[in-house]
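Worksheet: the structure to be examined is printed underneath.
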Amino acid sequence: MTDSRLERLQAAIPGLRLTTDVADLEHYGRDWTRRWTPAPLAIALPSSVDEVQGIVRWANAEGVAVVPSGGRTGLSGGAVAANGELVLSLERMNRVLDFNRVDRTLAVQAGIPLEAVHNAAREHGLVYPVDFAARGSCSIGGNIATNAGGIRVIRYGNTREWVAGLTVVTGAGEVLHLNRGLIKNSSGYDLRQLMIGSEGTLGIVVEATLRLTDPPPPTNVMLLALPSFETLMQVFAAFRERLTLEAFEFFTDRALHHVLAHGAQKPFDEVHPYYVVTEFAVGDEAREAAAMAAFEYCMEQGLVSDGVISQSDAQAAQLWRLREGITESLAKYKPYKNDVSVRISEMPAFLTQTQALLGQEYPHFDVVWFGHIGDGNLHINVLKPDDTADADFVRQCEHVTKLLAQALERHGGSISAEHGIGLVKKPYLLGTRSAEEIALMRGIKHSLDPRGLMNPGKVFDA
Ligand code: 2HG
Ligand code: ZN
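Just so we're aligned: the sequence shown equals residues 1340 to 1801 in our numbering.
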């Protein structure tokens, strides 16, 4: 470690774990986007709020940019450090701090993995209901920084519904305790909610008090095969009217093709163009009858061509794997990812137009559609053909994303439903957010991070 700035950091916080090992720079300098070459100055792995505060104060004194770092499972480049930044990894701050049975809250350090939060809640007979496939690797701090969504938003909402309190270190180096775990708090601006989804551009989430809830009633998982895209929203309406949905997810035949090639088990003998995985509460006769009624109605109307319902937890997990395994099964094709949303009522028109647009622009590419259709959230992954150079591929995809962004603007949608803006979607922010909104966001950033050192270049340019 020869950089004098790092020597001063180490001198200011003697116990701080710092590394400039080449493998560490590479490992901590990137997230699941693979487009940027990591080039951080160093990696700091603090073990306390005081150490985090010390790092931010040092960064202000030295003018060094800081990239907050959780599990780095993000898909928008929000945790990339490619410009000599200090990566501040919360990895070592991964403990449960407190469980409060009366408040039904779990206080945790930001670096704890989502799955460990699930397990801790379950030990107390409760659940933390935000859930998605990266649960084993992502951290709660990153979930909060991106207001992560996932497969149960339809029932429980996004991460922001479940954060009762936050401790943050702002870009100016102040430690703030926000909302104090309160349910009701009508005392001015809600700075906790401002921090949620700010992608590390205002400060660093160091601790959180999470709300827990009752476990859901027993559920069943159903896989439906659909003959056409047009009927998707009708199937959704038929199920939603009759059942309490825990999830309603969709994917195409191309998605299934890749998951099966990755080792999942084939659900039907025949091939169908579209599929839905839905999970809903059962556990009594009325609910089970409602589930059958929804399915039979869809079959009679020709909205669905086949279906299978889970008979055990193992089979439910198998059906879920078909949906949750998609991202991993596509990784080797270096996919260009879109994560868009519109209001559910806009979904049918948006789907029709987008399908036409992509069919026209990508006749030669493998385009994989899937996502949280019950929340109006679609993931569109475009796979890189072997014979296309990386840069050409990205250029073509960016052109189409521009067209997609225009369609989203017409339909009042968002260019990022749940993955964040980061670096990948920064060029398309205007359109989802107005110029006035972006100007206000810049002003807010300036008041919390006056030197512009917190995750600079992410979301918007200063
Ligand atoms: C999911 O819903 C994740 O599985 C990842 O948000 C989506 O890989 C993607 O595009
Ligand atoms: Zn998703």
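C-beta: ideal position from N, C-alpha, C; glycine also.
*asked:* Less than 6 Å between C-beta atoms, sequence neighbours within five positions excluded: which residues of the same chain meet that for Gly1806?
replied: The structure shown does not extend to residue 1806, since the chain is modelled only from 1340 through 1801, so no value can be given for it.
*Got a sec? Which residues, its chain only, sit under 7 Å from Phe1575 by beta carbon, not counting five neighbours each side?*
Phe1587, Ile1712 and Gly1713
*For Tyr1528, does the count of other Cβ atoms within 10 angstroms reach 16, so buried, or fall short, so exposed?*
exposed
_Which of the three DSSP states is assigned to His1758 in this structure?_
coil
*asked:* Less than 7 Å between C-beta atoms, sequence neighbours within five positions excluded: which residues of the same chain meet that for Asp1342?
replied: Leu1380
_Once DSSP output is grouped into helix, strand and coil, what is the label at His1457?_
helix
*Quick one, are the C-beta atoms of Leu1802 and Val1615 less than 8 Å apart?*
The structure shown has nothing for residue 1802, since the chain only spans 1340 to 1801.
*Hey, quick one: how far does the beta strand (DSSP E) through Gln1448 stretch, first residue to last?*
Thr1444 to Gln1448
*Tell me, please, which residues DSSP counts as bridged to Leu1549.*
Leu1445 and Val1502
*Taking Phe1438 as the reference, which of Leu1465, Thr1691, Ala1421 and Val1419 has the closest Cα?*
Leu1465
*State the CB to CB distance for the pair Leu1747 and Thr1727, rounded to an integer number of angstroms; the pair is presumed to be in contact (CB under 8 Å).*
About 25 Å separates the two Cβ atoms, so there is no contact after all.
*Specify whether the stretch 1684-1700 and the stretch 1654-1670 touch according to this definition: at least 3 beta carbon pairs, one from each stretch, less than 8 Å apart.*
no
*Taking three-plus beta-carbon pairs below 8 Å as touching, is the stretch 1775-1788 in contact with the stretch 1729-1748?*
no
*Which residues in the same chain as Val1647 place their Cβ atom closer than 8 Å to its Cβ, once the five residues preceding and following it in sequence are excluded?*
Met1561, Leu1562, Pro1606, Phe1607 and Leu1658
*Since Ser1478 and Arg1431 are thought to touch, with beta carbons under 8 Å apart, how far apart are those beta carbons, to the nearest angstrom?*
With a Cβ gap of about 11 Å, Ser1478 and Arg1431 do not count as contacting.
*Report yes or no: do the stretch 1749-1769 and the stretch 1617-1636 share at least 3 C-beta pairs separated by less than 8 Å?*
no
*asked:* I want to know whether the stretch 1690-1705 touches the stretch 1640-1656 - three or more CB-CB distances under 8 Å.
replied: no
*Integer-rounded CB distance, given that Leu1722 should sit under 8 Å from Phe1704*: 7 Å
_Proximal residues to Arg1531 (C-beta, below 6 Å), its chain only, five neighbours per side dropped_ = Leu1505, Leu1517 and Asn1518
*When DSSP labels each residue in this structure, what does Met1432 get in the three-state scheme?*
coil
*For the alpha helix (DSSP H) that contains Tyr1367, what are its first and last residues?*
Val1361 to Tyr1367
*Would you check if the stretch 1363-1375 and the stretch 1393-1401 touch, i.e. whether three or more CB-CB distances between them fall below 8 Å?*
no
*Select from Ser1649, Ile1483 and Phe1589 the residue whose C-alpha is nearest the C-alpha of Glu1663.*
Phe1589
*Residue interval of the beta strand (DSSP E) (run including Leu1722)*: Asn1716 to Leu1722
*asked:* Using DSSP's beta-bridge definition, name the partner residues of Arg1356.
replied: Leu1384
_Reference Gly1641; option with closest CA among Glu1618, Thr1591 and Gln1573_ = Gln1573
*Helix, strand or coil for Ser1567, going by three-state DSSP, please let me know.*
coil
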